[in-house]
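So the sequence lines, in the order shown, correspond to chains A, B, C and D.
With the working numbering applied, the first sequence corresponds to residues 1 to 206, in that order.
With the working numbering applied, the second sequence corresponds to residues 1001 to 1206, in that order.
With the working numbering applied, the third sequence corresponds to residues 2001 to 2206, in that order.
With the working numbering applied, the fourth sequence corresponds to residues 3001 to 3206, in that order.
There are 4 protein chains.
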Amino acid sequence: MAPRYKKTVRDEVMQETRQLVIEAAAEEFAHNGYDKANVNRIAEAAGFAIGTVYNYFPSKRVLMLAFVDDIAQLHVDYVLAQVKSEQDPGQRIEAFFKAGFAFVETYTTQAKAIFNTLNGPDEEFRARLFQGYQPLFQLLSDDVIAPSIAQGDFRQVDPVATAGLLMLIYLGTGSQFSPEGELWMDYTQVADFVLHSLKSGKENLR
Amino acid sequence: MAPRYKKTVRDEVMQETRQLVIEAAAEEFAHNGYDKANVNRIAEAAGFAIGTVYNYFPSKRVLMLAFVDDIAQLHVDYVLAQVKSEQDPGQRIEAFFKAGFAFVETYTTQAKAIFNTLNGPDEEFRARLFQGYQPLFQLLSDDVIAPSIAQGDFRQVDPVATAGLLMLIYLGTGSQFSPEGELWMDYTQVADFVLHSLKSGKENLR
Amino acid sequence: MAPRYKKTVRDEVMQETRQLVIEAAAEEFAHNGYDKANVNRIAEAAGFAIGTVYNYFPSKRVLMLAFVDDIAQLHVDYVLAQVKSEQDPGQRIEAFFKAGFAFVETYTTQAKAIFNTLNGPDEEFRARLFQGYQPLFQLLSDDVIAPSIAQGDFRQVDPVATAGLLMLIYLGTGSQFSPEGELWMDYTQVADFVLHSLKSGKENLR
Amino acid sequence: MAPRYKKTVRDEVMQETRQLVIEAAAEEFAHNGYDKANVNRIAEAAGFAIGTVYNYFPSKRVLMLAFVDDIAQLHVDYVLAQVKSEQDPGQRIEAFFKAGFAFVETYTTQAKAIFNTLNGPDEEFRARLFQGYQPLFQLLSDDVIAPSIAQGDFRQVDPVATAGLLMLIYLGTGSQFSPEGELWMDYTQVADFVLHSLKSGKENLR
DNA sequence: TATGAATGAGAGTTCATTCAT
DNA sequence: AATGAATGAACTCTCATTCAT
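If you want it as structure tokens, here you go:
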């Protein structure tokens, strides 16, 4: 009988291989978009043979879905950790924006791919993206926007729609580069724009 | 020399053919994205043989660029006409949003394709899009936002960056559908969100 | 009833059109070879619409055959005239070479196309070429080589095969350019080579 | 690291596949010329799928160049071996002609394709052909013609130009078939023709 | 488990030819 | 007689996927 601990070692190796492939795929998807992305190139970039990639992912499509799940998870975890560390709703807003923009700044490549997918023509990809980002929408609407409204920090808006709009805005601004390769807006400008819109009139901003 | 009037008639027919092809292309590009768009399908949808498409556009790429130019022109003209008909900056804002959202609502397919392109990986397409939309950015920043700031209707923001952000937002919201096929937000919500952000504090909104 | 003389005028115009098309075709066939030759380009170069070319020649193939016939006729007439003007067989040889090389020099483009065709894979074209050049072979073997042998100027060779070989050599050398664009050999060298081979030993050459 | 010997075995298989494709290509190029040659037909003739051909050669053009290199190598090796086995310049001439004509007779298909290419309109193909045949020209002029002149066997001719002419003649005669499918001349006739031209007058030929 | 040569459906593009004007 | 827009068969090339080693 095969010893159990060996299996564990193998699992770890496989997890690592899987991750390497997904990372290479992210790069490729971000640079070329899903359709122009080339599985052979992904395999090469990951340091494996094409067959190996197909041992882990039965198709390019599944690889894309895995990448979407992966990045959504990462994004959600990243933002969740930072937001949850704050107790006060007002602080949570700031934390959310800081974390969201920081994520886009850190994972520009991936954010680009995600935004690309969000606006791409593939229904399944978009649906999967929504699904993966569900916790973030939840967090935003239930733990950030709704309490802020309740506290009177934000004016009355639809928390769910607003959550979607915020995602659209910060993924969009974070992946828009001018032909000269510069970002359109810096994040503080964007945060300013959004907070100006959401904050209720009673206070002065910043 | 060939008679001139005959040439004119022929030119008109050719213009019409060209337009039919571009319209079919718009549909195809919007539904499938550039890469998955199929030139044979475009030809068929336009009611011509494949060769005819290539008599007008030397490549799929050029056809795409022609579509981009075309839709940018349309969009610009559409919005420009409505905005210019208002004299008061405050009214112009409203007119701009009304026109912009109306455009996206009327030409949802095309707006989708444009937004898709705006966020796609192809540099040349993006550059061409920017170029085509230049007059709209100009209008927004010079004739709408800047005067509104001057009049004290808007708070101090960077007119150019804001113009870009507005485009991002209304093209984005106008082409986002939930998996169930419904728009995320209606345009009044979006206009509200934006105006809340831009209007200076002195007045009450809505 | 249509007047006869009008018909004659029309015929002349048509002859001229036909000739213009063939000349443009010669250029195209020489530069690009039959397969890459483009009928639209031929029409344009000739100054006519594509339809006009097809009014004169029912297919690209027939146009090629017409060109082959045309150039063969030209070549044959050209050489024949010069050779026939000499009475002495010895002089006829010189005349033949002079005329042959002069032809290749004058009509390099056409000679190239002809040589190209001679060595190309198309059986029908080659057969037509042979047919067109029949009078030249005849002349060469019957009126030049054979008499020269009879007079003892040439050694005993097969007149027909030698005629073919001579054609091969002077069309070949006349259309061979080094990558730098220069002719390999000048014609006197080639003539020297050939005459050295054919002349009987009794005399000194040149 | 992957074991080395396995790589070797695989390399051998790949070399064989490559060779099979080139051989099928030779046939196709010879029969139809480069332009009419069909890559699908080549793949089929080689016993592979179309994709396999493109795994080895990135384009039809590159396949053609590989074929040209291949046949030049073969031709050069073939003739070189036979000529080098003779020490006496006089014998080398005979050996060269024997080998050259034998090659053309053995590889008629390929010779046809090569001659076709030599006289075709494609500059790059011609240049590549020259490059590949360089050693043969070298051999002919330096080791065959020049020594023969030095020994007084040949009259004073330009060795380089003459080498070119000889190539032209024997590739030309070796690939010319009458419409009835027979060779124009047999090789002894051609050799005779050439030697009569080159040999110095002091001796009687045949 | 990893490999990578082989596969072949599918897509973009060309261009000789037609025919209504 | 001249025109040229329309046609579509044919061709080159790509690349996701398979499977024997």
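The C-beta atom is built at its ideal place from N, Cα and C for all residues, glycine as well.
None of the values given here were measured: they were computed from a predicted structure.
By the Cβ neighbour-count rule, C:Gln2110 is buried, with 16 or more other Cβ atoms within 10 Å of its own.
By the C-beta density criterion, D:Ala3049 is exposed, having fewer than 16 other C-beta atoms within 10 angstroms.
Taking CB atoms only, B:Asp1153 has no neighbour in chain A less than 8 Å away. Taking C-beta separations shorter than 8 Å and ignoring five residues to either side along the sequence, the partners of C:Leu2080 in its chain run Pro2135, Leu2136 and Leu2139, following chain order. In terms of Cα proximity to D:Gly3164, the closest of C:Asp2153, C:Val2160, C:Ser2148 and C:Met2185 is C:Met2185. Between B:Asp1069 and B:Gly1152, the CB-CB gap reaches or exceeds 8 Å. If the five residues before and after D:Arg3041 are omitted, its C-beta is found closer than 7 Å to the C-beta atoms of Glu3028, all from its own chain and listed in chain order. Closest in C-alpha terms to D:Val3021, from the list D:Val3013, D:Ala3043 and D:Asn3032, comes D:Ala3043. 8 Å or more divides the Cβ of C:Ile2169 from the Cβ of C:Pro2159. When Cβ-Cβ separations below 8 Å define contact, B:Gly1174 makes no contact with chain A. Here C:Phe2154 has Ile2145, Ser2148, Leu2198, Lys2199 and Ser2200 as same chain residues with Cβ atoms under 7 Å from its own Cβ, once five neighbours each way along the sequence are excluded. By the beta-carbon neighbour count (other beta carbons within 10 angstroms, threshold 16), C:Gln2091 is exposed. One finds Leu1165 and Ser1197 in chain B with Cβ atoms closer than 7 Å to the Cβ of A:Phe193, taken in chain order.
When DSSP states are grouped into helix, strand and coil, C:Phe2154 belongs to the strand group.
For B:Ala1127, the uninterrupted alpha helix (DSSP H) run begins and ends at Glu1123 to Gln1138, by DSSP.
Here A:Met167 has no same chain residue with a Cβ atom under 6 Å from its own Cβ, once five neighbours each way along the sequence are excluded. The Cβ-Cβ distance between A:Gly174 and A:Val76 does not fall below 8 Å. A:Ala161 belongs to the set of residues whose beta carbon lies under 8 Å from a beta carbon in chain B. Taking 8 Å as the cut-off, the Cβ atoms of B:Gln1082 and B:Ala1072 do not count as close. Within the DSSP secondary-structure output, A:Lys199 pairs in a beta bridge with A:Phe154. Nearest CB-CB separation between A:Leu63 and chain B: not below the 8 Å threshold.
Identification of chain A residues near B:Gly1120 by a Cβ-Cβ cut-off of 9 Å yields Gly33, Asn116, Asn119 and Gly120, ordered along the chain.
Following the DSSP letters along the chain, one finds A:Gln110 inside the alpha helix (DSSP H) bounded by residues Thr108 to Leu118. Judged by DSSP secondary structure, A:Val53 falls within the alpha helix (DSSP H) whose first and last residues are Ile50 to Tyr56. Within the region 13 to 100 of chain A, not a single complete beta strand (DSSP E) segment reaches 3 residues in length. Note that the C-beta distance between D:Phe3125 and D:Met3064 is below 8 Å. Within chain A, the residues Leu168, Ile169, Gly172, Thr173, Gln176 and Trp184 have their CB atoms less than 9 Å from the CB of B:Leu1168, given in chain order. Straight through space, the alpha carbons of B:Ala1150 and A:Ala127 are spaced by roughly 44 Å. Chain C places a beta carbon closer than 8 Å to that of D:Lys3036, counting this residue as a contact. Note on geometry: alpha-carbon atoms of B:Lys1084 and A:His196 lie some 28 Å from one another. Contact between B:Val1053 and B:Val1039 is confirmed by a C-beta separation of about 6 Å, below the 8 Å threshold. Residue-level contact by beta carbon holds for A:Gln189 and chain B, with a gap shorter than 8 Å. Interface criterion met: the Cβ of A:Asp158 is under 8 Å from a Cβ in chain B. It is roughly 25 Å from the alpha-carbon of D:Gly3120 to the alpha-carbon of D:Ala3046. Distance from the Cα of A:Leu74 is smallest, within the candidate group A:Gly100, A:Asn32 and A:Gln87, for A:Gly100.
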